[in-house]
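Enquirer: Quick one: the structure is below, and I'll ask about it shortly.
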Amino acid sequence: MQYFLSHAPNKDASIWHQSLIGAVENISPNKTAYFHRKAIIAQEYITSWKCDDEENRNIRWVKGLRESLDPYTLGDYVNWPDIDIKNWQTSYYGSNFHRLRKVKTMYDPCDVFHFQQSIPPFHT
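As numbered in the numbering used here, residues 5 to 128 make up the sequence shown, in order.
Dropping the structure here:
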């Protein structure tokens, strides 16, 4: 992380950490929608830019950071959506995805509430 911060695209780029140790891990991952109960920290990579010509450099920085840390992660936090996440179903929801699709099918079978990475209902 020190390497990435020392090579940040601008002074506003940062890595935000949130500790997850404690009560969050006392609940089984399959008891709620939140799967990552055994994670130690959640990290968010943040950058911003003012000019269009800075966009690629900033996006490359975040992608490079994500790719280098990916082997050490347990998944991704659903409330920080990223369309570049491959296999987002498992990355966000782990083994809870199938169960959450059942809930989605029960309460929103027509998929009224959706976005690019939302849980799809089973077609009945």
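Don't be surprised by glycine CBs; every beta carbon is placed ideally from N, CA and C.
Check whether the Cβ atoms of I89 and S95 lie closer than 7 Å to each other.
Expert: In contact: I89 and S95 (Cβ atoms closer than 7 Å).
Enquirer: My output table needs one value for I89: the three-state DSSP class, helix, strand or coil.
Expert: Three-state DSSP puts I89 in coil, outside helix and strand.
Enquirer: Where does P125 land, buried or exposed, given buried means 16+ other C-beta within 10 angstroms?
Expert: Buried.
Enquirer: Which same chain residues end up closer than 7 Å to E29 when comparing Cβ atoms and leaving out the 5 residues on each side of it in sequence?
Expert: Excluding residues within five positions, the ones whose Cβ falls inside 7 Å are R41, K42.
Enquirer: By how many angstroms is the C-alpha of Q6 removed from the C-alpha of V66?
Expert: In a straight line, the C-alpha of V66 is about 14 Å away from that of Q6.
Enquirer: How big is the Cα-Cα spacing for D16 and T51?
Expert: So the alpha carbons of these two residues sit roughly 6 Å apart.
Enquirer: To the nearest angstrom, how far is it from the Cα of F8 to the Cα of N14?
Expert: Using only the alpha carbons, I get a separation of about 11 Å.
Enquirer: Find out if the Cβ-Cβ distance for the pair I44, I63 is shorter than 7 Å.
Expert: Cβ distance not < 7 Å, so I44 and I63 don't count as in contact.
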